[in-house]
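Number of protein chains: 2
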Amino acid sequence: MGTKQVTEMLKGTLEGIVLAILAGRPAYGYEITAWLRDQGFTDIAEGTVYALLVRIEQRGLVDVEKVPSEKGPPRKVYSLNAQGQDHLNEFWRTWSFLSERLEQLREGGS
Amino acid sequence: MGTKQVTEMLKGTLEGIVLAILAGRPAYGYEITAWLRDQGFTDIAEGTVYALLVRIEQRGLVDVEKVPSEKGPPRKVYSLNAQGQDHLNEFWRTWSFLSERLEQLREGGS
DNA sequence: ACCACTACTCAGTGCTACTATCTACCAGTA
DNA sequence: TACTGGTAGATAGTAGCACTGAGTAGTGGT
Numbered sequence: 001m002g003t004k005q006v007t008e009m010l011k012g013t014l015e016g017i018v019l020a021i022l023a024g025r026p027a028y029g030y031e032i033t034a035w036l037r038d039q040g041f042t043d044i045a046e047g048t049v050y051a052l053l054v055r056i057e058q059r060g061l062v063d064v065e066k067v068p069s070e071k072g073p074p075r076k077v078y079s080l081n082a083q084g085q086d087h088l089n090e091f092w093r094t095w096s097f098l099s100e101r102l103e104q105l106r107e108g109g110s
Numbered sequence: 001m002g003t004k005q006v007t008e009m010l011k012g013t014l015e016g017i018v019l020a021i022l023a024g025r026p027a028y029g030y031e032i033t034a035w036l037r038d039q040g041f042t043d044i045a046e047g048t049v050y051a052l053l054v055r056i057e058q059r060g061l062v063d064v065e066k067v068p069s070e071k072g073p074p075r076k077v078y079s080l081n082a083q084g085q086d087h088l089n090e091f092w093r094t095w096s097f098l099s100e101r102l103e104q105l106r107e108g109g110s
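Line order of the protein sequences matches chains D and H. My numbering puts the first residue of the first sequence at 1, with every later residue one more than the last. My numbering puts the first residue of the second sequence at 1, with every later residue one more than the last.
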């Protein structure tokens, strides 16, 4: 995706994406970035993910644990807590709402 | 939608929504705002829509015609042009990409 | 004259993703 | 030893977009 359309569209959704990842399994920043790039978000900047993780940690949506790595500096492993799960549920509701409106529009109805 | 989740999520998508509306029929700002509110975007601010319309006009995605109104000041009626249609197509591609990733995530698969 | 509805404009604010750069740990190699 | 590359994280500054809040106008009804 060459343009910056996806950049603007990610605002608000990237947080949900990361929370959804963490709902599946605990993960650390470098790993999440790599996974996103693998999934086609080729332009995701590392800084973006780290900043987002700091944000959701400060909001108390995740628990953090420092885990040593064999390959480099220690990892900060994030896992979703109950509050984060609530936030994720709310995210899915909002996403569904938006998604339905857009699907309706795509089919050319007013 | 009480929270501001939808506010952030609209960044990038609201432009596509408005272009999609204009793909169906020409429209003016007040009308678009009213329609959006009717569709459930109850918190959409008028200023937001007007600013967006100015933006897409400056980018040359729409043609504008001033039409007198019986009920108030003249209306600025916007209609999608060829460049706007291209942009809309690109929007749908980006949206589809994002939508597919999220649908995948929702089904809990990594 | 006043009010309500229609219709558009604009300065200032907050949030989020990007850019660019930095620190730091470890392994392999010249 | 010194150097490179992959791993792992942090951060200051920038840009874009939606929101807030206020304002300007035109029309019609009381």
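Idealized CB from N, CA, C, for every residue including glycine.
For D:Val-6, the residues of chain H that pass the 9 Å Cβ criterion are Gly-12, Thr-94, Phe-97 and Leu-98, in the order they occur in the chain.
Cβ-Cβ distances below 8 Å link H:Gln-85 to Ala-23 in the same chain, with the five nearest sequence neighbours on each side left out; the list follows chain order. For D:Gly-60, none of the residues of chain H pass the 7 Å Cβ criterion, the least Cβ distance being about 16 Å. Against chain D, the CB of H:Arg-101 has a partner CB under 8 Å away; the residue lies at that interface. Using a C-beta cut-off of 8 Å, the stretch 94-101 of chain H makes contact with the stretch 8-21 of chain D, since at least three inter-stretch Cβ pairs fall below that distance. Straight through space, the alpha carbons of D:Lys-11 and D:Thr-33 are spaced by roughly 16 Å.
Shown here for H:Phe-91: same chain residues with a beta carbon closer than 6 Å to its own, the five before and five after excluded, namely Gly-16 in chain order. Listed in chain order, the alpha helix (DSSP H) runs fully inside the stretch 8-79 of chain H are 13-24, 29-38 and 46-58, counting runs of at least 4 residues.
Look at H:Ala-20: its C-beta is under 8 Å from a C-beta on chain D. In this structure, the straight-line span from the alpha carbon of D:Asp-43 to that of D:Ile-21 is close to 18 Å. Proximity of chain D to H:Gln-39 at the Cβ level (cut-off 7 Å) is accounted for by Arg-101, in chain order. With 16 or more other Cβ atoms inside 10 Å of its own Cβ, H:Gly-29 counts as buried. Membership of D:Gly-84 in the alpha helix (DSSP H) is indicated by the continuous run 82-106. The Cβ atoms of H:Asn-81 and H:Leu-61 lie closer than 8 Å to each other. Look at H:Ile-32: its C-beta is not under 8 Å from any C-beta on chain D. For the pair D:Gln-104 and D:Val-67, the Cα-to-Cα distance works out to about 46 Å.
D:Gln-5 sits buried, since 16 or more C-beta atoms from the chains shown fall within 10 Å of its C-beta. In the same chain as H:Val-49, and ignoring 5 residues on each side of it, the C-beta atoms closer than 6 Å to its own belong to Gly-29, Ile-32 and Thr-33, in chain order. Closer than 8 Å to the CB of D:Ile-17 there is at least one CB belonging to chain H.
With contacts defined by Cβ atoms closer than 8 Å, D:Met-9 and H:Thr-94 form a contacting pair.
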